[in-house]
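Numbering (the UniProt record's numbering), first residue to last: 1 to 101.
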């Protein structure tokens with residue numbers, strides 16, 4: 001089980017990313033538009049830099065939905081390998097059988 005503070009920090013980042021996504025996209029569109037004057041693009045760059053650092057999507061880290069574990073994360077299932085093995089052993093994932101010999 002991951003530390004509760006790390007899980008809470010990650011949730012806080014997710015909220016910030018969702019909150020500022022539209023504003024970041026608009027500023028990036030201005031920055032990447034070559035038809036906009038240089039001064040305006042530079043101002044958009046400064047405005048983008050003023051936004052909270054944790055509002056950038058690259059600051060997010062994939063974590064297991066059940067345990068909060070940051071490593072060995074399966075994107076398709078959104079759980080870690082350990083949680084996957086436990087669920088598979090308990091028969092809670094349809095069609096998955098843990099091998100034994």
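Glycine included, every Cβ here is placed at the ideal spot set by N, Cα and C.
- By the CB criterion at 7 Å, residue 16 and residue 55 fall inside the cutoff.
- In this chain, residue 36 is not harboured by any alpha helix (DSSP H), its DSSP state being neither H nor E.
- As DSSP reads the structure, residue 80 sits in a beta bridge with 73.
- Exposure of residue 46 is indicated by the presence of fewer than 16 other C-beta atoms within 10 angstroms of its C-beta.
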